[in-house]
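Structure record follows, encoded as structure tokens.
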Amino acid sequence: MLKEVLEDLFEEPNFGASSQVSPLVLSMQTGMSGSKLTKVKKDHIKRLVQDGASLEGINALHMASANYKQSDLFDFLIGECNMTLDRSDETGNLPLHVAAICSNAEAVKVLLARGANIKAKNEDGLTPLQVMEKHNQSMSDFMQMMVMGGSLAGSASDQIKNLLR
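As structure tokens, this is what we get:
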């Protein structure tokens with residue numbers, strides 16, 4: 010139920026190279042230009058979160074970190090739903106790690122503005138910047154191996170690197 014409510018806030022899937030985080034995150038990679046976060050949806054999300062709803066080991070804040078590009082959902086989840094920035098997902102990543110891995114520069118900005126710790130480490134002892142760099146290197150290696158050529162260096166990754174340094 011929570012997954013469907015949150016997915017409705019996102020537009021078209023973006024199955025780019027940065028979507029190799031997990032099958033769940035892969036299925037939810039999206040971009041967003043206008044907010045669909047209505048009062049009805051806020052109330053529904055709040056009830057689900059208060060009842061402990063989660064998505065296969067991730068919570069709504071992790072999903073938003075992977076997908077959402079505006080501050081309203083983050084403000085709602087952190088402020089009204091009391092979700093914390095220091096809760097790990099099933100892979101040990103915090104919301105800031107997820108935003109960095111998914112190349113969601115807007116989410117990185119919002120999470121940092123809301124107090125996310127730039128030096129926070131996941132269960133593997135990696136910071137968000139280190140996780141993103143490791144992920145980008147893995148994807149680059151994979152693309153080279155598959156003779157796809159190219160690189161993952163781009164404006165979103167570069168922007169996130171600057172934010173996390």
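Residues in the sequence shown are numbered consecutively from 10, following this note's numbering. Even for Gly, the Cβ is constructed at its ideal location relative to N, Cα and C. Keep in mind that this is a model prediction, so the values were computed, not measured.
For L120, the closest alpha carbon among the candidates S149, M155, H106, V58 is that of H106. Taking a 10 Å sphere around the C-beta of V140, we find 16 or more other C-beta atoms and assign the residue as buried.
Here DSSP, grouped into helix, strand and coil, assigns R174 to coil. A122 is classed as exposed because its beta carbon has fewer than 16 other beta carbons within 10 Å across all chains shown. A distance below 6 Å between beta-carbons, with the five flanking residues on each side excluded, links S74 to the following residues of its chain, in chain order: P104, V107, A108, A116. For N76, the secondary structure class from DSSP, reduced to helix, strand or coil, is helix. In this structure, the straight-line span from the alpha carbon of D17 to that of V49 is close to 13 Å. In the DSSP annotation of this structure, the continuous segment of the alpha helix (DSSP H) that includes L57 starts and ends at 48-59. Rounded to the nearest angstrom, the Cβ distance from H144 to I110 is 5 Å, consistent with a contact under 8 Å.
A Cβ-Cβ contact shorter than 8 Å links E132 with G101.
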